[in-house]
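Numbering (the working numbering), first residue to last: 53 to 323.
First up is the structure itself, then whatever we jot down about it.
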């Protein structure tokens, strides 16, 4: 996985550029920069012109615009109990990129007849909420879902069209572990709270995901455990997963091992 060793420098440069720009004036669509039409306009949308104002709009972090975004749909053709969030009861609060490892154990190390068992995960969480809110839905769909691919493998051909300032816009804002056992996912969000979850449903990652050596882990729907966690979030969805699946056997594997993955986590709270 290409963890961004230059991420801090990129973020610093982006902040310097953004601070030198004039404060944005909200347009009719609420994105905080000169309209969703291109400057060469006459009613024609120009994506390059639209991207020019995103860094400035992200400074305002108008999270109301998050409600215009749609959670990626589960892949068709699979039987699943996956349920999309209800807009009448839940609202989107944060979108973060998780990059780290899925963890596994082998009861019989190096055995071709033993099967790896999931043992939680560990990931850093990068906050892209303000960027997501600054992107109109068309540009969001065009660019945002490339980010997990970039964090998983920055050299992948599919991320070659990702604008560099978008990939540098996220800031580490927390971490994800499993505690006290491998069935309890915990998300710690700086200055926001803790979400302690439980699995409600899963659905296979679509075939276009970056598979890595063994495949992409499923998408997940997580609910809040009633006895723990923060009341801030009711649902967390893991979508756009890249990599993370275990090999089919423990052949060549020690008692514990890790497989790299990256994904999007969408946090929903009560309205």
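Quick reminder that beta carbons are idealized off the backbone N, C-alpha and C, glycines included.
By the 16-neighbour rule on beta-carbons within 10 angstroms, residue 313 is buried. The Cβ neighbour count for residue 237, taken over all protein chains shown within 10 Å, is at least 16; the residue is labelled buried.
Bridge partners of residue 309 according to DSSP: 156. For residue 160 and residue 202, the gap between their C-alpha atoms comes out near 35 Å. The beta-carbon distance between residue 189 and residue 315, rounded to whole angstroms, is 21 Å. This is too long to meet the 8 Å contact definition. Buried is the label assigned to residue 256, since at least 16 other Cβ atoms lie within 10 Å of its Cβ. Contact between the segment 164 to 172 and the segment 140 to 150 is absent, with fewer than three C-beta pairs closer than 8 Å. For the 8 Å CB-CB criterion, residue 274 and residue 245 do not form a contact. Under the DSSP definition of a beta bridge, residue 237 partners with 230.
Distance from the CA of residue 206 to the CA of residue 322, rounded to the nearest whole angstrom, comes to 35 Å. Around the beta carbon of residue 213, a 10 Å sphere encloses fewer than 16 other beta carbons of the protein chains shown; the residue is thus reported as exposed.
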